[in-house]
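Colleague: Please see the structure below; I have some questions.
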Amino acid sequence: MRLRPHEIAAVVLAGGEGRRIGGGKPQRRLGGRTLLERAAAQASGVSDLAAVAVRDTAQVEGLEGLVLIEDAPWEGPLGGLAAALAFARAHGRAAVLTLPCDMPLVPPDLAPRLATALGDRAAALATSGGRLHPVCGLWRVEAVDALPAWAGTGQRSLKGFAAALGFATVDWPVEPVDPFFNVNTAEDLAQAEALLA
Numbered sequence: 018m019r020l021r022p023h024e025i026a027a028v029v030l031a032g033g034e035g036r037r038i039g040g041g042k043p044q045r046r047l048g049g050r051t052l053l054e055r056a057a058a059q060a061s062g063v064s065d066l067a068a069v070a071v072r073d074t075a076q077v078e079g080l081e082g083l084v085l086i087e088d089a090p091w092e093g094p095l096g097g098l099a100a101a102l103a104f105a106r107a108h109g110r111a112a113v114l115t116l117p118c119d120m121p122l123v124p125p126d127l128a129p130r131l132a133t134a135l136g137d138r139a140a141a142l143a144t145s146g147g148r149l150h151p152v153c154g155l156w157r158v159e160a161v162d163a164l165p166a167w168a169g170t171g172q173r174s175l176k177g178f179a180a181a182l183g184f185a186t187v188d189w190p191v192e193p194v195d196p197f198f199n200v201n202t203a204e205d206l207a208q209a210e211a212l213l214a
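Numbering (the working numbering), first residue to last: 18 to 214.
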């Protein structure tokens, strides 16, 4: 059975340090808005329950209108996913859509297409150009129960965690532009600016 929008929370994962772009990635500006503002707008467009997961609230200074949740103790996106899953479960949602703050071109049909593909699996993840994008995923809240054991193995890969649980994929074309274009460097930011012009 396909999940309906009111059963889904949406959480922006913004806890990374952004070393390759010189730090402060969520606050980098693109088209007059910060990367985080863009991602927050995407999340709010998907669900009436939207949040931002961060390591430190200083990462999101000035952001209003969204709940801030701290990453779980695990490093990297796995900590953000753990926080997102716990947040969604605590609010009675069946699943959470995770979005990164550094993919400003995420397609507007991401949530409905992933919800259709989810079926009885633990997660549905986006792919494009033969690449898996596990941060752009729809995850059933029950996945949070498997996280402590997974993290206890020392592994931190979202892809590996999804594989251990079982996941579906939904593919998007990369032409004329990859909708999962990732902003990691100043050059990427300039390229994204040109794409949005």
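Cβ atoms here follow ideal geometry from the backbone N, Cα and C, with glycine treated the same way. Remember, predicted model here, so these are calculated numbers, not experimental data.
1) Using a threshold of 8 angstroms, state whether the C-beta atoms of residue 141 and residue 155 are closer than that.
2) Compare the beta carbon distance of residue 143 and residue 189 with 8 angstroms and say whether it is the shorter of the two.
3) Given a cut-off of 8 angstroms, decide if residue 166 and residue 182 are closer than it, judged by their beta-carbon atoms.
4) Between the C-alpha atoms of residue 64 and residue 171, what's the straight-line distance to the nearest angstrom?
5) Please look up how many angstroms separate the CB atoms of residue 53 and residue 118, rounded, as I've assumed it's under 8 angstroms.
6) Got a sec, what are the start and stop residues for the beta strand (DSSP E) residue 61 sits in?
7) May I ask you to report which of helix, strand or coil DSSP gives residue 123?
8) Quick check on the DSSP output: the beta strand (DSSP E) that includes residue 154 runs from which residue to which?
9) Output yes or no for whether 8 angstroms exceeds the beta carbon distance between residue 60 and residue 43.
10) Measure the alpha-carbon distance for residue 56 versus residue 116 and round it to whole angstroms.
11) Tell me which residue opens and which closes the beta strand (DSSP E) that residue 141 is part of.
Modeller: Inspection of the coordinates gives the following:
1) Within the sequence shown, numbered from 1, the residue matching residue 141 stands at position 124. Within the sequence shown, numbered from 1, the residue matching residue 155 stands at position 138. The answer is yes: Cβ separation under 8 angstroms.
2) Here the question's residue 143 lines up with position 126 in the sequence shown. Here the question's residue 189 lines up with position 172 in the sequence shown. Judged by beta-carbon spacing, residue 189 lies within the 8 angstroms limit of residue 143, meaning their Cβ atoms are closer than that value.
3) The sequence position of residue 182 within the sequence shown is 165, counting from 1. The sequence position of residue 166 within the sequence shown is 149, counting from 1. For residue 182 and residue 166, no; Cβs fall outside 8 angstroms.
4) Along the sequence shown, read from residue 1 onward, the residue named residue 64 stands at position 47. Along the sequence shown, read from residue 1 onward, the residue named residue 171 stands at position 154. Distance between the alpha carbons of residue 64 and residue 171: 33 angstroms.
5) Here residue 53 refers to the residue found at position 36 of the sequence shown. Here residue 118 refers to the residue found at position 101 of the sequence shown. Right, the Cβ-Cβ distance comes to about 5 angstroms (below 8 angstroms), so this counts as a contact.
6) Working through the sequence shown from its first residue, we reach residue 61 at position 44. No beta strand (DSSP E) contains residue 61, which is instead part of the alpha helix (DSSP H) from 52–63.
7) Start at 1 with the first residue of the sequence shown, and residue 123 comes out as number 106. If DSSP states are grouped into helix, strand and coil, residue 123 belongs with coil.
8) Numbered from 1 along the sequence shown, position 137 holds the residue referred to as residue 154. Note, residue 154: beta strand (DSSP E), 148–157.
9) Position 43 of the sequence shown, counted from the start, is the residue given in the question as residue 60. Position 26 of the sequence shown, counted from the start, is the residue given in the question as residue 43. No, the Cβ-Cβ distance between residue 60 and residue 43 is not below 8 angstroms.
10) Position 39 of the sequence shown, counting from 1, holds the residue named residue 56. Position 99 of the sequence shown, counting from 1, holds the residue named residue 116. In a straight line, the C-alpha of residue 56 is about 7 angstroms away from that of residue 116.
11) Stepping through the sequence shown from its first residue, residue 141 is reached at position 124. Taken as a continuous stretch (DSSP letters only), the beta strand (DSSP E) holding residue 141 covers 140–145.
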